[in-house]
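What follows is a short report on a single structure.
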Amino acid sequence: MSSESSIPWFDDFVGVAYRYYDLRMNVVPLIADRKQSSSIWHDSIHWWVDPSIKIRFVEMENDYWFIMGSDSQKPDTNLAFFKILPKSEHYERFKKGSGGEAYLRLGEYTEKSLSDAKKGDLCSCGHEANDHDEGDDDVCLWNDCSCKVFSSFQVNLLKRKKTITDIKFLEEKDVKDDPLVWNCFSVNKYSKTE
Ligand SMILES: [Zn+2]
Ligand SMILES: [Zn+2]
Numbered sequence: 023m024s025s026e027s028s029i030p031w032f033d034d035f036v037g038v039a040y041r042y043y044d045l046r047m048n049v050v051p052l053i054a055d056r057k058q059s060s061s062i063w064h065d066s067i068h069w070w071v072d073p074s075i076k077i078r079f080v081e082m083e084n085d086y087w088f089i090m091g092s093d094s095q096k097p098d099t100n101l102a103f104f105k106i107l108p109k110s111e112h113y114e115r116f117k118k119g120s121g122g123e124a125y126l127r128l129g130e131y132t133e134k135s136l137s138d139a140k141k142g143d144l145c146s147c148g149h150e151a152n153d154h155d156e157g158d159d160d161v162c163l164w165n166d167c168s169c170k171v172f173s174s175f176q177v178n179l180l181k182r183k184k185t186i187t188d189i190k191f192l193e194e195k196d197v198k199d200d201p202l203v204w205n206c207f208s209v210n211k212y213s214k215t216e
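For the sequence shown, the tail end lands on 216 under my numbering, and the numbers increase by one without skipping.
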């Protein structure tokens with residue numbers, strides 16, 4: 023408990039994906055840099071003691087806080103994760119479907135430009151790469167679509183995994199009752215607004 027307060031908070035990642043894979047829900051922090059994802063795994067997550075891994079979701083009005091931490095066999099290089107993310111369909115599905123257990127994996131996140139994309143790849147506007155004009159700033163050619171730049175991404179799930187069995191969904195009024203969440207909010211929210 024006393025060591026918990028000294029663990030640095032890490033939020034330099036792209037987001038969190040929720041995927042079914044290996045018959046269980048996977049929680050997948052997305053890392054944009056390949057070197058960074060392997061050092062995060064080797065230096066920190068690899069040393070986590072599985073039964074002590076905690077994930078907390080704190081729901082605000084439109085966003086939620088993703089908070090993750092664990093006891094480590096190598097406390098010197100331990101990290102705790104947090105990120106404020108918009109509520110999404112995938113998040114809601116995970117909330118309903120996880121049953122309090124999940125696998126933790128890292129995901130390598132790569133953005134694809136129109137020139138890297140295959141014809142059928144979907145843009146965030148919902149239309150295919152095919153439907154975007156290669157000659158003129160990527161604009162989407164559908165009449166009723168306002169998309170001006172093709173944007174798509176690819177997530178590569180890394181194989182190594184940890185099992186998480188301590189997952190809780192909380193509201194801000196519960197923050198004081200959970201040491202990990204309280205530490206996160208103290209450092210990353212309350213100390214900054216006051
Ligand atoms: Zn588009
Ligand atoms: Zn479009």
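Every residue, glycine too, gets a C-beta built ideally from N, C-alpha and C.
The structure presented is a predicted model; accordingly, all values stated were derived computationally and were not measured.
State the CB to CB distance for the pair residue i and residue j, rounded to an integer number of angstroms; the pair is presumed to be in contact (CB under 8 Å).
i	j	result
R46	A124	6 Å
D175	H154	The sequence shown places Phe at residue 175, not Asp. Contact flag wrong, Cβ pair sits at about 15 Å.
R127	L179	5 Å
Y131	I53	6 Å
L136	E150	Not really, about 11 Å apart at Cβ, beyond 8 Å.
Quick one: grab the DSSP three-state call for residue i.
i	result
T185	strand
S28	helix
Y212	helix
W164	coil
E150	strand
K141	coil
M23	Because M23 carries a pLDDT of 42, less than 50, the predicted location of this residue cannot be relied on, and the following value inherits that uncertainty. M23: coil per DSSP, three-state reduction.
Along the alpha helix (DSSP H) that carries residue i, what are the first and last residues, could you check?
i	result
P201	201-207
F116	111-119
R57	According to the sequence displayed, residue 57 carries Lys and not Arg. Segment 56-65, the alpha helix (DSSP H) holding K57.
For residue i, count neighbouring C-beta atoms within 10 Å of its own C-beta (all shown protein chains included) and say buried if the count is 16 or more, exposed if not.
i	result
H112	exposed
L144	exposed
K105	buried
Y43	exposed
K198	exposed
L163	exposed
M82	exposed
K76	buried
P51	buried
V203	buried
S94	buried
V49	buried
S168	exposed
S146	exposed
Note the first and the last residue of the continuous beta strand (DSSP E) segment covering residue i.
i	result
S174	174-179
A102	102-108
W87	85-91
R46	46-53
F35	Taken as a continuous stretch (DSSP letters only), F35 belongs to no beta strand (DSSP E), as it is neither H nor E.
R78	76-81
K195	Careful: K195 lies outside any beta strand (DSSP E) and carries neither H nor E.
L126	124-126
Taking 7 Å as the threshold (C-beta atoms), are residue j and residue i in contact?
i	j	result
S39	G119	In the sequence under discussion, the amino acid at residue 39 is Ala, which differs from the Ser named in the question. No, they are not a contact pair.
I207	F79	According to the sequence displayed, residue 207 carries Phe and not Ile. Cβ atoms of F207 and F79: not closer than 7 Å.
I189	G122	yes
I29	N100	yes
D72	K170	no
W69	K96	yes
V209	W87	no
Measuring only between beta-carbons, confirm whether residue i sits less than 7 Å from chain B.
i	result
N178	In the structure shown, chain B does not exist; there is a single protein chain.
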